[in-house]
Structures are given as C-alpha cells and as structure tokens.
Amino acid sequence: MIEKGKISASQMSVMMYHAIIATGILFIPKTVFDAAQQDIWISPLWAFPLGLLSVYIAYKLHKLYPDDTIMQYSEHILGVFFGKVIGFILLLLLYTSISVMVWQYGEFVVSEFLPHTPKYVVIGMMILLCAFAVHGGLEVIGRLSEMVFPVFFLLFLVIVVLLLPDIEIKRMLPVMENGIMPSVKGSLALYTWFAQFGIIYFFFPYLTNREKGMKWGGISVLAVTITLVLTNIIVILVFGRVTGNFTAPLMSAARYISIAEFLSHLEAIVMAIWIAGTFIKICVFYYALVLGTAQWFNLSNYRSLVLPTGFLIGVFAIQAFLNSAEASEHFHEVSHGLTDTLVYGLIIPMFLLSIAYIRKMKIFKQKGREKK
Amino acid sequence: MKRLKIIWLIGISLFLLTGCWDRRETNDLWVVTGVGLDQTEDGEIEVTVEIHSPNSDGGEGMGGESSQVGGNKMIHQTGKGISIPKAIEDLDTQLPREILWSHTKAIVINKALAETGIREELDFLIRHPEPRLRSYVFISEGSAKDIMALLPPLERSSSEVLIELAKSEVLMKVTLFDLMEMLKGESDAAILPMVDKLPPEEGEQPLETNAYINQSAILKNGKMVGSIDDRLTRGVLWFRDEIKEATVTVQPENADGLISMNLIKGTTKLIPEIDGNQLKMTVQIETIDDVIQNKTNWDLNEIEKQRILEKELAEAIETRLTDTLEIVQKEMKADIIEFGEEFRRKHPEQWKGIKKDWEERFPSVEVTFDIEAKILRTGQGNVPW
Amino acid sequence: MKGVYIFSVTAVAVLMFIYQWSKIKSTKKKEKMVFSFLMIIGWSLAVTYIVFPNMDSPAKMVDHVLTSLRNIFLGIFS
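Chains as they are written, first to last, in UniProt numbering: chain A, 1 to 372; chain B, 1 to 385; chain C, 1 to 78.
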C-alpha cells in the first residue's frame, strides 16, 4: 500500500471535524443568515443528514473494497478508462475546492490583520507549513489534529462564555417566523461544507480499527453540527438582525467582547483558533490530493509529489478570484446548493456505489445461472 | 548533496527572514480616542480627531529626565473633504504619524450631518476594520469640532467626558452597534443622545468646560427629524426598558409639600395585542423606589401613607409616559420605543400585513398602562419636626 | 515587475526541483516523470497567470461548468 501509516478512527473523526468546521465557524453564520434570518441555528440540523449520508456512502464503498481508496475502486467499478476519467474529475474538483479554501484563508488574513502584506506571502507560508505536515504522512496529520482539537475547542468555549453578557434572548425571536422554509433554504449553503465529509473515502482504508469507522464518522458529523448550532445561536443572540452586515460574524463578535473594560480586543483568539483549524483543513485536503494524484498515476510513493502539488495549489489559490466581487459571486452560487464539493463528496461516490451494486447483482445472477 | 541542502536552506530562509510586514510601533502611531464628524455649510465633511499621543506624556521618562507632568496632551486636528475617506486623507497629509483608529471610543456627529442622513457615514465606520462596535455615538447641537476641542477641567479629554456621560446611563446610551441594530429594525427609527457644551464658568477660558448630554435626537430612515428633552428621554427609556436613573417628585393630595423618590429598579414589559383591526399595547411596569426627600410632615412609616405615595408614584410615571407618547407616537411618528419589534415577536403572522403601513398605523396603537410601584425604604432617618 | 515575478516563480520552481529530484531514487523513473510533469504544469500555469492576470481560474471554470450543467438539468425538468 502506498500509505504505510495508520490512524485510529477517532483521529480520523477529529481530522474531519477540523476539515469542515475550520472555515465554517467564520463564514457559515453570514452565508446562512441571508436565507434563514434569525433561524440560522436550525439550519445545521437540516444539513446533518446530508453529512451523515456522505459518510455512509463512503463507508459502504469502503466495505466493498476495504483496502482501496476511491481512486482505486473507481477503476475496479468502472473499468480502467472510465475509472481514470472519474479520478481525473475528482482530482480537478479537489484542486478547485482547495484553492478556494486557501484563497479564503489568504483573503481573510490580509483583509483583517495584515493589510499591507502581499497575499502570495500569506498563502505561500501556509502551503509550505502544510507541505511539511503532508510530507510527514497521514499519522502526522492525525496526531496534529488531535493536538489542535483541545486548544481549538477550549478557545471556542472561551469566546462563547465571554459573549454571554451581551446576549439577549429576544433577538432570536420569533422562532420560525416564516415557517420552516427559510431555515431549510439556509441549509442549502451548508451542504457545501457537509458534503466535504465525502473525502473521508481517502482515509477509511488506513484505519487501525475499521469496524469503528462509521461510528466515528457519524460522531464527527454530529460534533460539527453541534458546533455550528452553538456558533449560530451565539452569533444571533449577540448580533440579531445585524448579523448579515458582517462578513465573519464570529470574528466581529469576538471583537465586540469587552469584560470590565480591560478584557477586550480578543479577535486574536478567534484568529488563533481559525488559523489552527484552517491549517488542519488545508492539510487534510492537501493530503487527499497528493495521495489521489499518486494513486492515479499508480506510483508507489506519494512524497515526491508533495511540493509540486503545493506549488499548483498556491498558483490556483492566488488566482482563484481576482477580487471580492468575483468571490461573492462564487459564494452566491454556493449558497444555492450546487457546488464542486457536492459533486466530489456526494454525487460521484453515490454514482460509483450504485454502479457497484448493479454489477454485483449481475454477478450474482450469473453465478445463479451457472449453478443451475 | 550537502551543498544542495545548503542552497535549499538559504532559499527557504529568504522567505522566512523578511520580518514583520505589518508591524506598527507605538511611537509611529497616534491613537485616536474621539472622532467628530461635521457637515459644513458648503456641504463638505469635516473630520476632527482627538489624538492621544502615547509619546507626549510617557516618553519623557526614557531619557532619564522627566518634565511636564500632568499636562493635557491632547491634539486636535481637522481634515476636510467631500466624503469621510477624503477628509481622512486630508488629515493624513497633516499628521506626521500613522493614525490608529481602533481605540476610538466616542463618535460625535453634528446636527447638520445627521439631518442629511448618517447611514452613508456609518457605512464607512463599519466597513473599516478598526473602529469598535462599542464606541459611543452622539449628535451635537453645534459643531462636533467644538465639542472635541473642549479641554475639560477634570477628565483627560473631551471624549473621555462623553464616554463617562454615556456610561452613567442617566440619559440615552447608544453604541455603534445599538445604532446599527436600530437602523436595521422593523421601524427604521433611532434615538441618539445629543451633546452640547456647558457654558464655561466665569473667569475660565472659553474652552475649559465640559460637554453634557441634555436631549435626544430622533432619527427616521437614518435622518434626524427632531429632538426631545431629558424628561421625555427618560420616558423613552422606560419604554425601552433601559431606565437606570430616575428621580420622581410628587406632591400627594392633601399634603403640604413635595416628596422625592429615587429609582432602585425598574423593569418594563410590552405586551402587544391585536384585536381585529385595532392594535393594542399594554405597558407593564414594575418599579422599586427609595424616598430621598420628604418635605411634608407625613410619617412615611405608616403603611397607609406609603400606599398613597406608591399610587402617586405610579401616576407620576404614567403621566410622563403619556407625555412621551404624545410627542413620539402622535407627533413624530417615530417608533423608537420598539412597538413594532414586539408585534413582530408575538404575532409574526399578522405582523406581515401590518408591516407595510406600520408608519401610518403606529400612531393609532392604543396604549394602556399597568404600573406597579413599590417603595422599599424611606431613608435612614428623618428630620424631626 | 512581471519579469521579477516570473523570475521568482522560476527560482522557487528550480529550488523545489533541485531539492526533490535528488531525493527520488534513480530507479523510479515513473515518479520522476510525474514529478516533472506536475512541476512543468505548475510553473507554466504560474507564468501564464502572471502574463495574463485576468485569465479565469480553475475554480471559476468549474463554477461555470456546474452552473451550466444545473441549467441543463433544470431545463430538462421544467
């Protein structure tokens, strides 16, 4: 096998948690607010089944081909040629999706904290850092995310607790003013994030305890949902109808904290959380991409591809959007629920799974005939 | 092989050793503590900043000799332009150091600018990553520049005075965030404290005086439409459940003097009701007061007298609130007392129909009061008669 | 300015190449091929983007393809 390291199911779960939530906690409240208004905290609940479905499909495929990742079993299912085609589309989508993530990271750091630093420096440093982690392999990323998780969660709770003096329950009312639909519409935007759970198909074969894969995958989805609900509740309780006026409401909320005059200007905490989380997120996708590329070319080692892939990601990311208007156009499309992540996280695996089942049934029928 | 590694290391360190790109040293900065926005008569915008220079009162110690302790080291500078960014650009050309906005705590807008609309100007303040949502916003009767330029006798600077005034919550306290929330609300009305300068004491320099809050400005659709005095402002505070300080003086029937009471606690609940086409609002107030002055010859420890006094107190509050309604609801038609929000929260379905012509229907809302006043203590002692 | 950018991108690419090339075992021809292939794509894309900064990024192209696919689907259903 190309990856010799193994991670435990719980490590995978933490990894996926970061991979989804890192950008989520900052941008989700605003994106969802546009559709759901004060019901944004309900939306993650509607998106929850989708995340679970992504994990479930990946798990089912893993059950059929326990030692392969999607790049390999797509060839088993569709034959070498079509398998390679699907693999290529998958890689392409992963490239675009990771470039958008890295762009978001760069744009946010530049616009909020380092306005005079060129973006290619910010992005370049991050990719370089991730390259080291990815070069270290899956075990390294797994442990890193385990390490980051307590810090991430603790700081997140600190922010939530410090915001408590500023909350007002009446900002959340009336619940479901326009019925259930706004929150459902809001969850469309969340599908982008929850569909990213699909890339779990790159990690299932490397688990030490495979039988627990589904359980921990589900826990990860649940944890993401709970975190999002909590974030959205706190944001809506603090900002109410003004939420939509901030690009990153949680950031603005952290900025808004002021306890007894001296405990203020806390946005650095959010930034710390966010950079740590985004680091893991980029690592996870970067790793998936490198592994996928190596498997697509049938290489025996992926480490030599780390640097060139990083270089490509960097180029794509810097060029992803020329300005914030183009970006918001993209995120507008995203909030209508049709995105690249949905294709590679859900549609392609679903397609593969159905073909696999059909083929299996044929084989059973043939066998049945032979027996007769 | 080894050489390659060294080349690689040098190459990498080229990127890592560039230093801090966005570093800003404190002695290259001027910290803005207050901003005044003026619209001049020729339609231009004037931005006045009050700068607290970190160097000018702490830096002397560096050289070993310290001098000039306690001097008021506030610098005022004004920039002019057709928009706020233009005016700030103008300001930048006058100032030798970079301006740090993130400690801006007071924003004063003059009346002329408020009358043409503050939404556009707020847009700048919110888009800018530095100013805080917690900075207090004021409207000035005269020019904001004058308010900023005051040299108050006790506090360090004029904006410091304004902040303390707002924090005392005697009258309105509105932060940038509160203002955003009000402007985004269902009724599009907002209320802001108005500042003016106290006339200076005799013999003092004309600038050596305080600013003070004496009125409240009412804004509709982001434009100022009028102002109410301090008495009515407290009425509005009652409605908004923000009342913190209030003194009520009553003259009970068949008593020979006045009794003053001080508010300990006051809570307000608005209970909206829709009866067919008629909108109704019940204002439920619970308040606890202490007696602070008794000019009558009553013995306030008698339960009966206390009952009477409690009733008087409730009535006094009710008159104040009806007076407030008279102006705010009937005359100005500005829903700064957030009736609309309450209707939306309690009756979201019907509200959709009401919302369209809320401005016309707001004055016709029938308001009933349900005031429960309690007197908790009657003071530590009393003057013997 | 463009010259400087192209030069620095080339420098980064060359550094990566030198660093990584020596690490790949000489027996693994395929790895070397894939590696150089990716490097060349990356480098030429970077140069293209520097020379034509207004070119569409892959993210936007994918967006475009997906939206037109969606429109086709919607057209079929409606």
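We treat Cβ as the ideally placed atom computed from N, Cα and C, and that holds for glycine. If you're wondering where the values come from, they're calculated on a predicted model, not measured in any experiment.
key: Beta-carbon proximity list for residue 194/A, same chain, < 6 Å, skipping 5 on both sides   = Position 194 of the first sequence holds residue 194/A. Within the same chain, 47, 50 and 51 come within 6 Å of residue 194/A by CB-CB distance, once the 5 residues on both sides are set aside.
inquiry  = Once DSSP output is grouped into helix, strand and coil, what is the label at residue 264/A?
reply    = Within the first sequence, residue 264/A is the residue found at index 264, counting from 1. DSSP, reduced to helix, strand and coil, places residue 264/A within a strand of the structure shown.
task = Quick one: list the residues of chain B neighbouring residue 18/C, beta-carbon separation under 8 Å, in chain order.
result = Walking along the third sequence from the start, residue 18/C turns up at place 18. Within 8 Å Cβ-Cβ: 4, 7 and 8.
request  = Quick one: which unbroken beta strand (DSSP E) runs of 3-plus residues sit fully inside the region 115-167 of chain B? Chain order, please.
outcome  = Here the runs fully enclosed are 136-140.
query = Can you give the Cα-Cα distance for residue 40/B and residue 273/B, rounded to whole angstroms?
reply = By 1-based counting over the second sequence, the position of residue 40/B is 40. By 1-based counting over the second sequence, the position of residue 273/B is 273. Distance between residue 40/B and residue 273/B, taken at the CA atoms: about 46 Å.
request  = Name, going along the chain, the residues of the region 132-152 of chain B whose beta-carbon falls closer than 9 Å to a beta-carbon of chain A.
outcome  = The region 132-152 of chain B vs chain A, Cβ under 9 Å: 132, 133 and 134.
inquiry  = I'd like to confirm the pairing. Which residues does DSSP put opposite residue 286/B in its beta bridges?
reply    = The residue you call residue 286/B lines up with position 286 of the second sequence. Residue pairing of residue 286/B in beta bridges, as defined by DSSP: 267/B and 372/B.
query = Beta-carbon of residue 266/B versus every beta-carbon of chain C: anything under 9 Å?
reply = Position 266 of the second sequence, counting from 1, holds the residue named residue 266/B. No, no contact with chain C.
task = Could you spell out the range, first to last residue, of the beta strand (DSSP E) harbouring residue 212/B?
result = The residue given as residue 212/B occupies position 212 in the second sequence. In the DSSP assignment, residue 212/B falls within the beta strand (DSSP E) that extends over 211-220.
ask   = If you draw a straight line from the C-alpha of residue 49/C to the C-alpha of residue 319/A, how long is it?
value = For the purposes of this step, residue 49/C is taken as residue 49 along the third sequence, with counting starting at 1. For the purposes of this step, residue 319/A is taken as residue 319 along the first sequence, with counting starting at 1. Going by the C-alpha atoms only, they are around 7 Å apart.
ask   = Any idea which residues DSSP pairs residue 189/B with across the strands?
value = Here residue 189/B corresponds to residue number 189 of the second sequence, with the count starting at 1. According to DSSP, residue 189/B bridges with 220/B.
inquiry  = Taking the straight line between their C-alpha atoms, what separation do you get for residue 177/A and residue 225/B?
reply    = One-based indexing of the first sequence puts residue 177/A at position 177. One-based indexing of the second sequence puts residue 225/B at position 225. Whole-angstrom Cα-Cα distance: 32 Å.
inquiry  = Is there a C-beta anywhere in chain A that falls below 9 Å from the one on residue 61/C?
reply    = Here the question's residue 61/C lines up with position 61 in the third sequence. Taking Cβ atoms only, chain A reaches closer than 9 Å to residue 61/C, which makes this a yes.
ask   = Based on Cα-Cα distance, which residue from 47/C, 60/C and 37/C lies nearest to residue 323/A?
value = Here residue 323/A refers to the residue found at position 323 of the first sequence. Out of 47/C, 60/C and 37/C, 60/C has the C-alpha closest to the C-alpha of residue 323/A.
Pick from 111/B, 286/B, 297/B and 118/B that is closest to residue 255/B, judged by C-alpha positions = Within the second sequence, the letter at position 255 stands for residue 255/B. Comparing Cα-Cα distances from residue 255/B to each of 111/B, 286/B, 297/B and 118/B, the minimum goes to 297/B.
Interfacial residues, the region 98-120 of chain A to chain B, with Cβ spacing under 9 Å = Within the region 98-120 of chain A, the qualifying residues are 111, 112, 113, 114, 115, 116, 117 and 118.
request  = From the DSSP output, in three-state form, read off residue 298/B for me.
outcome  = Reading the second sequence from its first residue, position 298 is the one you call residue 298/B. In the three-state reduction of the DSSP assignment, residue 298/B falls in the coil class, being assigned neither a helical nor a strand state.
request  = Output, in chain order, the set of chain C residues within a Cβ distance shorter than 7 Å of residue 69/A.
outcome  = Residue 69/A sits at position 69 when you count from the first residue of the first sequence. Contacts between residue 69/A and chain C, judged by CB atoms closer than 7 Å, are missing: the closest CB pair is about 17 Å apart.
inquiry  = If the criterion is Cβ atoms closer than 9 Å, does the pair residue 88/B and residue 30/B meet it?
reply    = Here residue 88/B refers to the residue found at position 88 of the second sequence. Here residue 30/B refers to the residue found at position 30 of the second sequence. Cβ distance not < 9 Å, so residue 88/B and residue 30/B don't count as in contact.
task = Drop a sphere of 10 angstroms on the beta-carbon of residue 30/A, count the other beta-carbons inside from all chains shown, and report buried for 16 or more, exposed for fewer.
result = Here residue 30/A refers to the residue found at position 30 when the first sequence is read from its first residue. Label assigned to residue 30/A: buried.
key: Completely contained alpha helix (DSSP H) runs for the region 224-292 of chain A, where each covers 4 or more residues   = The region 224-292 of chain A contains these whole alpha helix (DSSP H) runs: 249-256.
Contact set between the region 173-188 of chain B and chain A, restricted to residues whose Cβ is under 8 Å from the partner = Correct list: 177, 180, 181, 184 and 185.
query = For the candidate residues 44/C, 74/C and 18/C, whose alpha-carbon lies nearest to that of residue 5/C?
reply = Taking the third sequence and counting its residues from 1, the one referred to as residue 5/C is at position 5. Checking every option, the nearest Cα to that of residue 5/C belongs to 44/C.
inquiry  = Tell me the DSSP secondary structure of residue 298/A in three-state form.
reply    = Within the first sequence, the letter at position 298 stands for residue 298/A. Residue 298/A: coil per DSSP, three-state reduction.
message = So for residue 25/B, helix, strand or coil by DSSP?
response = On the second sequence, position 25 is the one that residue 25/B refers to. DSSP places residue 25/B in coil when its eight states are reduced to three.
task = Answer with yes or no whether the minimum CB distance from residue 12/C to chain B is below 9 Å.
result = Along the third sequence, one-based indexing puts residue 12/C at 12. For residue 12/C, the nearest CB of chain B lies under 9 Å from its own CB, placing it at the interface with that chain.
request  = With a cut-off of 8 Å on the beta carbons, I'd call residue 122/A and residue 109/A a contact; round off their distance for me.
outcome  = Counting from one through the first sequence, the residue named residue 122/A turns up at place 122. Counting from one through the first sequence, the residue named residue 109/A turns up at place 109. At roughly 5 Å, the Cβ-Cβ gap stays under 8 Å, so residue 122/A and residue 109/A are in contact.
message = Closer than 8 Å between beta carbons: that is the criterion. Which residues of the region 12-34 of chain A meet it against chain C?
response = From the region 12-34 of chain A, no residue has a Cβ closer than 8 Å to chain C.
key: Straight-line gap, residue 181/A to residue 220/B (C-alpha atoms, nearest Å)   = To locate residue 181/A, count along the first sequence from 1; it is residue 181. To locate residue 220/B, count along the second sequence from 1; it is residue 220. About 32 Å.
query = Since residue 81/B is in the beta strand (DSSP E), which residue starts that stretch and which ends it?
reply = Mapped onto the second sequence, residue 81/B falls at position 81. Under the DSSP assignment, residue 81/B falls in the beta strand (DSSP E) whose first and last residues are 74-81.
ask   = Using a beta-carbon distance below 9 Å, is residue 349/A in contact with chain C?
value = Residue 349/A sits at position 349 when you count from the first residue of the first sequence. With 9 Å as the cut-off, residue 349/A does not count as an interface residue toward chain C.
Chain A residues whose Cβ lies nearer than 7 Å to that of residue 34/C = The residue you call residue 34/C lines up with position 34 of the third sequence. By Cβ distance, chain A contributes 297, 299 and 305.
inquiry  = Taking the beta carbon of residue 224/A as the centre, do at least 16 other beta carbons fall within 10 Å, making it buried, or is it exposed?
reply    = Along the first sequence, one-based indexing puts residue 224/A at 224. Within 10 angstroms of the beta-carbon of residue 224/A lie 16 or more other beta-carbons, which makes it buried.
query = In chain B, which residues lie with their C-beta within 8 Å of the C-beta of residue 22/C?
reply = Along the third sequence, read from residue 1 onward, the residue named residue 22/C stands at position 22. At a C-beta separation below 8 Å, residue 22/C has these neighbours in chain B: 1 and 4.
inquiry  = Given this structure, state the Cα-to-Cα distance separating residue 8/B from residue 14/B, to the nearest angstrom.
reply    = Counting from one through the second sequence, the residue named residue 8/B turns up at place 8. Counting from one through the second sequence, the residue named residue 14/B turns up at place 14. Their backbone Cα atoms lie some 10 Å apart in a straight line.
key: For residue 327/B and residue 289/B, believed in contact at Cβ under 8 Å, the rounded distance   = Here residue 289/B refers to the residue found at position 289 of the second sequence. Here residue 327/B refers to the residue found at position 327 of the second sequence. That belief does not hold up - the Cβ atoms of residue 289/B and residue 327/B are roughly 25 Å apart, past 8 Å.
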